[in-house]
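> Let me give you the structure first, and then I'll get to my questions.
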Amino acid sequence: MKNKSITSRDVDFAKWYTDVVQAAHLATYSNVKGCIVMEPNGYAIWEKMQQVLDHMLKETGHQNVCMPMLIPENLLRKEGELVKGFAPEVAWVTMGGNKELEERMCIRPTSETLFSDYFHEVLKSYRDLPIKYNQWVNVMRWEKETRPFLRGREFLWQEGHTIHETKEEAEQETRNILQLYRKFFEEYLAIPVVTGRKTEKEKFAGAEYTLTIEAMMYNGITLQSGTSHYFGQKFSKAYDIKFLNRENNWDYAYQTSWGVSTRMIGGLIMVHSDDNGLVLPPKIAPVQIAIIPIKQTELVNQKINEIEIALENSTMTYMVDCSEKSAGFKFAEAEVNGIPLRIEVGERDLQEGLITVVRRDTREKRQVKTSDDLLLILQEMLDTMQQDLYIKAKERRDQLTFDAHTFEEVKTIMERQPGFVRAMWCGDEACEAKMKEIRGTKSRCILEDAKPIDDVCVVCGKKAKHLVVWGIQY
RNA sequence: CGAGAAGUAGCUUAACUUGGUAGAGCACUUGGUUCGGGACCAAGAGGUUGCGCGUUCAAAUCGCGUCUUCUCGACCA
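Written out as structure tokens, the structure reads:
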């Protein structure tokens with residue numbers, strides 16, 4: 184039994200994706216071009232992500248702040264590379280009334296400039312360092328092509344901005360955050376990621392280097408899912424962020440920034456979900472258990488009441504669907520919304536002292552004795568499902584990861600079925616550009632600690648410098 | 001931003017070729033019967049046909065413009 188309103192994933196992946204977004208009531212198109220309305224089911228996932236990540240960030244010494252949404256033009260223009268990188272996507276604000284009195288401003292596409300200006304104001308001494316701030320805000324980038332969650336003109340994210348006394352400490356922060364993101368993806372979102380360094384061409388405008396986590400979607404397309412940038416002293420020199428060091432000399436601070444966005448929701452969908460709708464890893468699902476009465480008799484209601492009381496004293500989240508819909512409708516509804524477990528409570532089972540628990544991902548039904556420890560069983564099932572989703576995603580990822588030794592090989596692989604292609608690269612931008620001819624293949628990241636698989640560049644045949652993961656991106 | 005396609009009730013759509021009262025299914029409301037995989041019967045409500053201009057006695061239908069969405073490119077941490 185397949186969901187009627189969802190195009191099959193194997194027939195048309197793009198259509199399937201938007202069908203799932205809408206059928207699960209995550210978001211709907213708004214009348215503001217390129218902007219979506221995040222509906223309760225979608226926003227709840229974001230809140231859950233925020234809750235977990237925010238905790239992880241605070242545990243590692245970060246504090247939340249909030250910067251203005253508007254950036255004056257002169258402030259934005261101080262760091263040249265950043266401006267060049269973002270110029271085409273920046274939205275400018277026009278003021279009503281007497282325009283001559285107003286300074287031209289843009290809506291933040293990212294907040295390095297604001298944080299830098301602030302750091303310039305407050306930083307005096309090495310004793311003030313490190314400063315590790317984060318903000319949960321919306322940003323605006325005037326994208327030409329948009330897709331719900333994956334690329335929008337306005338989106339929500341967290342952006343961390345830190346300054347440090349030494350190069351080593353700032354670089355350590357850049358790496359630590361990358362590991363924090365990796366942990367969040369693997370342990371909570373159940374999404375395996377490849378981590379590494381961006382090439383010069385693909386790095387953040389204005390960064391010394393960019394570290395990235397790259398996730399593979401079910402169809403083999405890559406989603407850049409989070410980045411952590413090391414700025415060195417580039418911004419601190421442009422914005423004059425300096426302090427008196429331990430030797431009583433002026434020094435420029437070493438800076439980082441990093442972020443993940445609502446794009447993660449898109450990734451979550453495209454890695455785990457299926458033709459019946461959304462599949463959510465239990466640890467990130469806003470509601471973990473749906474309790475469904477087959478028919479609301481006295482006996483059924485009484486049992487549900489008992490279960491509710493038990494669940495109230497656990498950490499599991501649940502909902503009871505006591506709408507007037509038929510049982511089958513409620514099953515389908517719980518599935519399309521991606522609720523990890525469903526408890527079916529009906530007369531027939533209860534007569535035999537049973538209730539039925541169903542897993543969303545496998546749709547496997549399990550009969551549980553009412554005398555058994557239900558909470559323990561539910562928690563076990565949630566844990567198993569969490570693990571299974573990760574294993575399944577990893578198997579899919581590994582299956583679509585290939586080593587290539589020649590340009591022709593890369594071409595054959597990408598034209599047959601996109602995925603991650605590991606291939607050597609000489610470091611020359613011309614070779615990187617040449618790869619784009621194959622269905623827009625781009626470097627995803629340089630694998631810094633990996634063993635080389637060959638001596639020569641897959642494109643030009645000259646001596647290779649790096650092992651690079653290549654892919655087609657969203 | 002370029003090429004193509006499409007906009008009719010919340011959704012999917014019919015009528016458009018050949019201009020003449022906009023019709024259905026799903027969803028919704030009410031009442032009743034149901035309930036172990038998207039129930040059934042009956043009644044009801046819901047439309048300035050995306051928007052603007054033009055042609056015409058008359059426009060959902062023809063023409064022009066515009067906006068939005070989708071697909072493919074280009075662009076894009």
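With the numbering used here as the guide, the letters of the first sequence map in order to residues 184 to 657.
Don't be surprised by glycine CBs; every beta carbon is placed ideally from N, CA and C.
Predicted model, so just to flag it, every value in this text is computed and none were measured.
(1) Once DSSP output is grouped into helix, strand and coil, what is the label at Ile560?
(2) Considering only the alpha carbon of each residue, which of Cys505, Glu527 and Leu558 lies closest to Ile492?
(3) In angstroms with no decimal places, state the Cα-to-Cα distance between Pro267 and Leu372.
(4) Nearest CA to the CA of Asp195: which residue from Lys645, Arg531 and Asp457?
(5) Could you check whether the stretch 508 to 521 touches the stretch 469 to 487, counting it as contact only if at least three pairs of C-beta atoms, one from each stretch, sit closer than 8 Å?
(6) With respect to the beta strand (DSSP E) encompassing Met221, which residues constitute its N-terminal and C-terminal limits?
(7) Taking all protein chains shown into account, do 16 or more other C-beta atoms lie within 10 angstroms of the C-beta of Leu524, making it buried, or fewer, making it exposed?
(8) Val376 bridges to which residues according to DSSP?
(9) Are His344 and Tyr422 closer than 8 Å when you measure CB to CB?
(10) Considering only DSSP beta bridges, list what Thr201 is partnered with.
(11) Do you know offhand how far Trp340's Cα is from Arg260's?
(12) Is the separation between the beta-carbon of Ile655 and that of Thr382 shorter than 8 Å?
(13) The alpha helix (DSSP H) that contains Tyr413, what's its start and end?
(14) Quick one: grab the DSSP three-state call for Val266.
(15) Please report the residue range of the beta strand (DSSP E) in which Ser440 lies.
(16) Can you look up Phe196 in the DSSP assignment and give me helix, strand or coil?
(17) Considering only C-alpha positions, which residue in the set Asn317, Arg336 and Gln562 is nearest to Gln246?
(18) In chain order, what are the residue ranges of uninterrupted beta strand (DSSP E) at least 3 long that sit wholly in the stretch 518 to 543?
(19) Count the other CB atoms within 10 Å of the CB of Ala633; is the residue buried (16 or more) or exposed (fewer)?
(20) Take Lys577 and list the residues in its own chain whose beta-carbon comes closer than 7 Å to its own, dropping the five residues that flank it on each side.
(21) Cβ atoms of Gly379 and Val641: under 8 Å apart, would you say?
(22) Measuring alpha carbon to alpha carbon, tell me which of Arg542, Val551, Ala227 and Asn321 ends up nearest Asp566.
(23) Just how far apart, CA to CA, sit Gly450 and Lys625?
(24) Please name the residue in Ser308, Glu272, Asn359 and Asp237 whose C-alpha comes closest to that of Ile172.
(25) Helix, strand or coil for Ala616, going by three-state DSSP, please let me know.
(26) Determine the contact status of Ile490 and Ile474, defining contact as a CB-CB distance below 8 Å.
(27) Would you call the stretch 587 to 598 and the stretch 385 to 400 touching, i.e. three or more CB-CB distances under 8 Å?
(28) Note down the Cα distance separating Thr445 from Val320, rounded to an integer number of angstroms.
(29) Short of 6 Å in beta carbon distance, which residues of its chain neighbour Val639, apart from the five on each side in sequence? Order them along the chain.
(30) Applying the criterion that 16 or more other CB atoms from any shown protein chain within 10 Å of the CB defines a buried residue, is Arg622 buried or exposed?
(31) Secondary structure at Ala353, three-state DSSP: helix, strand or coil?
(32) Alpha carbon to alpha carbon, how far is Thr410 from Ile404? Give it in angstroms, no decimals.
(33) If Ala398 sits next to Val454, beta carbons under 8 Å apart, how far is it from one beta carbon to the other, in whole angstroms?
(34) Cutting at 6 Å between CB atoms, please list the residues of its own chain near His208, excluding the five before and the five after it.
(35) Would you call Asp202 buried or exposed, if buried means 16 or more other Cβ atoms sit within 10 Å of its Cβ?
With the structure as the only source:
(1) If DSSP states are grouped into helix, strand and coil, Ile560 belongs with the helices.
(2) In terms of Cα proximity to Ile492, the closest of Cys505, Glu527 and Leu558 is Leu558.
(3) Correcting the residue identity first, residue 267 is Lys in this sequence and not Pro. When rounded, the distance between both Cα atoms is 34 Å.
(4) Distance from the Cα of Asp195 is smallest, within the candidate group Lys645, Arg531 and Asp457, for Asp457.
(5) At 8 Å Cβ cutoff, the stretches touch.
(6) Start and end: Ile219 to Met221.
(7) Classification of Leu524: buried, given that the 10 Å Cβ count is 16 or more.
(8) DSSP lists Ala398 as partners of Val376.
(9) Not a contact, by the Cβ cut-off of 8 Å.
(10) In the DSSP secondary-structure assignment, Thr201 is not bridged to any residue.
(11) Straight-line Cα distance between these residues: approximately 23 Å.
(12) In this structure, Thr382 does not lie closer than 8 Å to Ile655 by Cβ.
(13) No alpha helix (DSSP H) holds Tyr413; the beta strand (DSSP E) holding it covers Thr405 to Gly415.
(14) Here DSSP, grouped into helix, strand and coil, assigns Val266 to helix.
(15) Secondary structure note for Ser440: its beta strand (DSSP E) is the uninterrupted segment Tyr437 to Ser444.
(16) Residue state, collapsed to three classes: helix.
(17) The candidate whose alpha carbon is nearest that of Gln246 is Asn317.
(18) As far as the stretch 518 to 543 is concerned, its whole beta strand (DSSP E) runs of at least 3 residues are 524 to 528 and 537 to 542.
(19) That one is exposed.
(20) Closer than 7 Å at the Cβ level, and outside the excluded window around Lys577, lie Pro375.
(21) No. Outside cutoff.
(22) The residue with the shortest Cα to Cα distance from Asp566 is Arg542.
(23) Near 19 Å, if we compare the C-alpha coordinates of Lys625 and Gly450.
(24) A query on residue 172 cannot be resolved here, the shown segment of the chain reaching from 184 to 657 and no further.
(25) Helix, per DSSP.
(26) Against a cut-off of 8 Å, the Cβ pair of Ile474 and Ile490 comes out as a contact.
(27) Taking 8 Å as the limit for Cβ pairs, the verdict is that the stretch 385 to 400 does not touch the stretch 587 to 598.
(28) Each residue's Cα considered, the two are about 11 Å apart.
(29) Cβ neighbours of Val639 beyond the five flanking positions: Ala647.
(30) By the neighbour-count criterion, in which a residue is buried when 16 or more other Cβ atoms sit within 10 angstroms of its Cβ, Arg622 is exposed.
(31) If DSSP states are grouped into helix, strand and coil, Ala353 belongs with the helices.
(32) About 18 Å.
(33) Yes, they are in contact, since the Cβ atoms of Ala398 and Val454 sit about 7 Å apart, within 8 Å.
(34) Once the five neighbours on either side are set aside, the close Cβ partners of His208 are Glu222 and Asn224.
(35) The residue in question, Asp202, is buried, as its Cβ has 16 or more Cβ neighbours within 10 Å.
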